[in-house]
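Right, one structure below, let's go through it.
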Amino acid sequence: MIEVEHLRKEYGNLVAVRNLSLTLDEGDIFGFIGPNGAGKTTTLKMLATLLLPTAGRARIGGLDITREPEKVRAIIGYMPDSFGVYDDIKVWEYLDFFAAAYKIPHHRRQRIVDDVLELTDLTGKKDVYVESLSRGMRQRLCLAKTLVHDPKVLLLDEPASGLDPRARVEIKELLRELKRMGKTIMVSSHILPELADLCNKIGIIEQGDLIVSGDVQAIVAQVRGGRALQLRAPEAEVPRVLELLAERSDVAGAEAAAGEVRLQFTGTETEPADLLRDLVLAGVRVQAFGEQETDLEDVFMKVTRGIVS
Ligand SMILES: Nc1ncnc2c1ncn2[C@@H]1O[C@H](COP(=O)(O)OP(=O)(O)OP(=O)(O)O)[C@@H](O)[C@H]1O
Ligand SMILES: [Mg+2]
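Each residue of the sequence shown is one higher than the last, beginning at 7 in the working numbering.
Structural data, given as structure tokens:
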């Protein structure tokens, strides 16, 4: 759905985005993570056809962003990092205005406005002035605006920035709902853990370089040098579990705490199942077995310290 090849953007002498390549399939949610000034907004603006790349190319839904920007705009929804100023306009008028800009006929607009208000939980605010909304509501309204033409692809620049914890959770819920609707979403943030449970792919950008990108679990594994698994067994059996794990060539290390064993698994995708079977056959009463909760902050710090690159 999104194909980016060697995308580059220079502002004078400054290279804001360097040699950026990535591929997103339909239904992917890609978390685009990086510190201030990394190049997130620049990248999203290029994909949104608002900024011309200096070099490289990108296609969205098979359409080239520089050759067919109008067609690209019809299938994307772009949420900028700032809301802009809208005086003397009511919430429904704001949405109606954007729907009209997308050439949605008058008779269909009211229904669409009601639908996106419902989806973003703003139905009760339909007749209030935009400038009277709280920041969280404005952010939801901005997201509602990106949905009026039912785009396949959403480019969201820090949709949760500056929100309180509750509002952040609400935005995440909303993104989950959009995921269920089958949208392909690229969402930026400074904060990796915030996107962890939402995204199936992530990319980390720093000073214009995409230093790592791909499947969330694969990246975590790459950084850790293996997959992190955990299992629970009765306390008395834990020493035996550690013995069994120590004998295996596909376990790089294991430690126990409070009946829980955490281990680094270096085998392939399907082999954790073999490990579980072996433990059970050895008589261990395994109570729980699975991937460790991903500590993405940890991964982020390691990656941005250049361990992967
Ligand atoms: N219009 C511009 N003219 C010149 N330099 C720019 C312009 N826009 C951005 N830059 C520079 O390009 C680099 C990348 O900026 P960008 O806004 O893409 O970063 P970002 O990752 O979105 O950061 P933030 O997390 O602060 O939003 C920065 O060094 C910034 O100063
Ligand atoms: Mg930005």
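Cβ coordinates follow ideal geometry from the N, Cα and C atoms, glycine included.
Quick caveat: nothing in here was measured; it's all calculated off a predicted structure.
With H, G and I counted as helix, E and B as strand and the rest as coil, what does DSSP make of K96? In the sequence shown, counting from the first residue as 1, residue 96 sits at position 90. In the structure shown, K96 sits in a strand (DSSP, three-state: E or B).
Does the beta-carbon distance from M52 to P165 come in below 8 Å? Mapped onto the sequence shown, residue 52 falls at position 46. Mapped onto the sequence shown, residue 165 falls at position 159. No, these two residues do not count as a Cβ contact at 8 Å.
Could you check where the alpha helix (DSSP H) with T2 kicks off and where it finishes? Outside the modelled stretch of the chain, which goes from 7 to 315, sits residue 2, for which no answer is possible.
Identity of the residue in L281, D133 and I177 nearest C148 by Cα: Start at 1 with the first residue of the sequence shown, and residue 148 comes out as number 142. Of the listed residues, the one whose Cα sits closest to C148 is I177.
Identify, in the order they occur along the chain, each residue of the same chain with its Cβ nearer than 8 Å to the Cβ of I110, setting aside the five sequence neighbours on each side. Counting from one through the sequence shown, the residue named residue 110 turns up at place 104. Closer than 8 Å at Cβ, skipping near neighbours: I118, V154 and H155.
Tell me whether D215, by its Cβ, gets closer than 7 Å to a heavy atom of ligand 2. Sequence index remark: in the sequence shown, residue 215 carries index 209 (1-based). Incorrect: D215 has no Cβ contact closer than 7 Å to ligand 2.
Based on DSSP bridge pairs, tell me the residues matched to L13. For the purposes of this step, residue 13 is taken as residue 7 along the sequence shown, with counting starting at 1. When DSSP reads this structure, L13 sits in a beta bridge with L26.
How is the alpha helix (DSSP H) around D280 delimited, first residue to last? In the sequence shown, the residue the question calls residue 280 occupies position 274. E277 to L287 is the extent of the alpha helix (DSSP H) around D280.
For V23, tell me which candidate among I210, L285, P75 and Q236 has the shortest Cα-Cα distance. In the sequence shown, the residue the question calls residue 23 occupies position 17. Looking at the Cα atoms, I210 is the closest of the given residues.
H196: beta carbon under 7 Å from a heavy atom of ligand 1? Counting from 1 along the sequence shown, the entry for residue 196 is found at position 190. It does: the Cβ of H196 is within 7 Å (strictly closer) of some heavy atom of ligand 1.
If you follow the beta strand (DSSP E) that T190 is in, where does it begin and where does it stop? Start at 1 with the first residue of the sequence shown, and residue 190 comes out as number 184. Residues T190 to S195.
Counting C-beta neighbours from all protein chains within 10 Å, is the total for S315 16 or more, i.e. buried, or is it exposed? The count along the sequence shown starts at 1 and reaches residue 315 at position 309. Bear in mind that a pLDDT of 42 at S315, under 50, signals an unreliable position, so the number given afterwards is only what the model happens to contain. By the 10 Å Cβ count, S315 comes out exposed.
Taking the straight line between their C-alpha atoms, what separation do you get for L281 and S194? Within the sequence shown, the letter at position 275 stands for residue 281. Within the sequence shown, the letter at position 188 stands for residue 194. If I take the Cα positions, the gap works out to 37 Å.
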